[in-house]
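Asker: Counted the way this note's numbering counts, the sequence shown spans residues 8 to 260. Note that CB positions come from ideal geometry on N, CA and C, so glycine has one too.
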Amino acid sequence: MTAELFSLRGRTALVTGARRGIGATIAAGYAAAGAELILMARDAALEDTLEAIKQAGGGDATVVLADFADPDAVEQTAIELVRDRQVDILVNNAGTIRRAPAAITSTADWRHVIDVNLNSAWAVTRPVGAAMAERGAGKIVTIASLLSFQGGITVPAYTASKHAVAGLTRALANEWGPAGVQVNAIAPGYISTDNTTELRADPDRETAIRSRIPAGRWGRSDDLVGAAVFLASAASDYVNGHLLAVDGGWLAR
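1) Could you tell me how far apart the beta carbons of Val70 and Ala51 are, in whole angstroms, since I believe they sit closer than 8 Å?
2) Using beta-carbon positions only, say whether Leu97 and Val123 come within less than 8 Å of one another.
3) Which class does Asn191 belong to by DSSP, given the choice of helix, strand or coil?
4) Do Leu250 and Ala194 count as a contact pair if the criterion is CB distance below 8 Å?
5) Measuring straight from C-alpha to C-alpha, what distance separates His234 and Val253?
6) Check Val98 in the structure and name its three-state DSSP category.
7) Is the beta carbon of Pro163 sitting closer than 8 Å to the one on Ser127?
8) Return the residue from the list Ala20, Ser218 and Leu175 that minimises the CA-CA distance to Arg92.
9) Would you kindly report the start and end of the unbroken beta strand (DSSP E) that includes Arg145?
10) Is Glu58 buried or exposed, if buried means 16 or more other CB atoms sit within 10 Å of its CB?
11) Let me make sure I understand the geometry here. Which of Ala222, Gly256, Gly41 and Ser14 has the alpha-carbon closest to that of Gln62?
12) With DSSP as the reference, label Leu154 as helix, strand or coil.
13) May I have the straight-line CA-CA distance separating Leu12 from Glu82, to the nearest angstrom?
14) How many Å lie between Ala95 and Gly184 at the Cα?
15) Between the Cα of Asp229 and the Cα atoms of Leu258, Arg217, Gln157 and Ile198, which residue gives the shortest distance?
16) How should Gly64 be labelled, buried or exposed, when 16 other C-beta atoms within 10 angstroms of its C-beta is the threshold for buried?
17) In whole angstroms, what is the alpha-carbon distance linking Glu54 and Arg227?
18) If distances are taken between C-alpha atoms only, which option among Ala76, Leu44 and Val236 comes closest to Trp117?
19) Run the CB neighbour count on Thr56, radius 10 Å, all protein chains shown included, and call it buried at 16 or more, exposed below.
20) From Ile33 to Arg27, what distance separates their C-alpha atoms?
21) Among Glu205, Ala85 and Asn247, whose alpha-carbon lies nearest the alpha-carbon of Ser45?
22) Any idea what DSSP makes of Leu46, helix, strand or coil?
23) Which of the three DSSP states, helix, strand or coil, is assigned to Gly256?
24) What are the boundary residues of the beta strand (DSSP E) that includes Thr19?
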């Protein structure tokens, strides 16, 4: 009975930004839980992710190409996708970061981050979520951030986008919850991915960050799989509009 609560058998999951890092790891985790995968990524270099899905016991995943810096094109791709396929689970993972003090952050960099992290998440979620609401069931999981709660340093656009993602999660939970769609988010802590390479390469910042984490280490992408499966499964049917921090205890400090 408990195992069935967390099973994703018979469900199709769309994961954006699935080429590497958190997206690729969640996709493999969903395959292990029995889901069929649709991978939406900026380019087709998904060999490692596809192999991980097969190693996890999944079948052949569908690959859909989309440039997340172009929300209008992303929306059209999502509209066409839901015409042809039923999407039961959506994971909005695609994201980017540009680091610079606010005073010298260019408007172009600001727009790029907002387009990728927020506008393209909306562009996918609106048509996919609307189809879920019409069917009366669905799960939407967006990758938020600790900077959905905090301000961060020298990442103004990223912080703004992740605060907005938190608000969008709650707004959509209110609208689509009555239709049987649960909309939640995961707020990862400091995870060893490409986005944190610069921080981990700086001895002072790395030490300052790690010393605040009660777990005593940086997170790994696979630390997020349990939360992602939970929020995609029947086990979370009464969880809606929630931001689940997976941060090694960072926010507790």
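Answerer: Inspection of the coordinates gives the following:
1) To locate residue 70, count along the sequence shown from 1; it is residue 63. To locate residue 51, count along the sequence shown from 1; it is residue 44. Sure, about 6 Å apart at Cβ, within 8 Å.
2) Reading the sequence shown from its first residue, position 90 is the one you call residue 97. Reading the sequence shown from its first residue, position 116 is the one you call residue 123. Against a cut-off of 8 Å, the Cβ pair of Val123 and Leu97 comes out as no contact.
3) Reading the sequence shown from its first residue, position 184 is the one you call residue 191. Of the three classes helix, strand and coil, the one that applies to Asn191 here is strand, per DSSP.
4) As a position in the sequence shown, residue 194 is number 187, starting the count at 1. As a position in the sequence shown, residue 250 is number 243, starting the count at 1. Taking 8 Å as the cut-off, the beta carbon of Ala194 is found closer than this to the beta carbon of Leu250.
5) By 1-based counting over the sequence shown, the position of residue 234 is 227. By 1-based counting over the sequence shown, the position of residue 253 is 246. At residue 234 the sequence reads Ala, which differs from the His that was named. Cα-Cα distance, rounded: 8 Å.
6) The count along the sequence shown starts at 1 and reaches residue 98 at position 91. Note: Val98 maps to strand in three-state DSSP.
7) Translated into the one-based positions of the sequence shown, residue 163 becomes position 156. Translated into the one-based positions of the sequence shown, residue 127 becomes position 120. No, the Cβ-Cβ distance between Pro163 and Ser127 is not below 8 Å.
8) Within the sequence shown, residue 92 is the residue found at index 85, counting from 1. Checked all of Ala20, Ser218 and Leu175; the closest Cα to Arg92 is Ala20.
9) The residue given as residue 145 occupies position 138 in the sequence shown. Note on residue identity: the sequence assigns Gly, not Arg, to residue 145. Here the beta strand (DSSP E) through Gly145 covers Gly145 to Ile150.
10) For this step, residue 58 is matched to residue 51 along the sequence shown. Its Cβ having fewer than 16 others within 10 Å, Glu58 is exposed.
11) Against the sequence shown, residue 62 aligns to sequence position 55. Nearest of Ala222, Gly256, Gly41 and Ser14 to Gln62, Cα basis: Gly41.
12) Mapped onto the sequence shown, residue 154 falls at position 147. Helix, per DSSP.
13) Start at 1 with the first residue of the sequence shown, and residue 12 comes out as number 5. Start at 1 with the first residue of the sequence shown, and residue 82 comes out as number 75. CA-CA distance, Leu12 to Glu82, rounds to 32 Å.
14) Within the sequence shown, the letter at position 88 stands for residue 95. Within the sequence shown, the letter at position 177 stands for residue 184. Just to set this straight, residue 95 is Asp in the shown sequence, not Ala. Going from the Cα of Asp95 to the Cα of Gly184 covers about 15 Å.
15) Position 222 of the sequence shown, counting from 1, holds the residue named residue 229. The option with the nearest alpha carbon to Asp229 is Ile198.
16) Here residue 64 corresponds to residue number 57 of the sequence shown, with the count starting at 1. With fewer than 16 other Cβ atoms within 10 Å, it is exposed.
17) The residue you call residue 54 lines up with position 47 of the sequence shown. The residue you call residue 227 lines up with position 220 of the sequence shown. Going from the Cα of Glu54 to the Cα of Arg227 covers about 21 Å.
18) Residue numbering aside, residue 117 sits at position 110 when the sequence shown is read from its first letter. Comparing Cα positions, the closest option is Ala76.
19) Here residue 56 refers to the residue found at position 49 of the sequence shown. Counting the other CB atoms within 10 Å of its CB gives Thr56 a total of 16 or more, which places it among the buried residues.
20) Residue numbering aside, residue 33 sits at position 26 when the sequence shown is read from its first letter. Residue numbering aside, residue 27 sits at position 20 when the sequence shown is read from its first letter. Each residue's Cα considered, the two are about 10 Å apart.
21) As a working mapping, residue 45 is identified with position 38 in the sequence shown. Note that residue 45 is Ile in the sequence shown, not Ser. Selected option, being the one with the closest Cα: Ala85.
22) Stepping through the sequence shown from its first residue, residue 46 is reached at position 39. Correct three-state label for Leu46: strand.
23) Within the sequence shown, residue 256 is the residue found at index 249, counting from 1. DSSP, read as helix, strand or coil, puts Gly256 in coil.
24) The residue you call residue 19 lines up with position 12 of the sequence shown. Counting along the chain, the beta strand (DSSP E) containing Thr19 begins and ends at Thr19 to Thr23.
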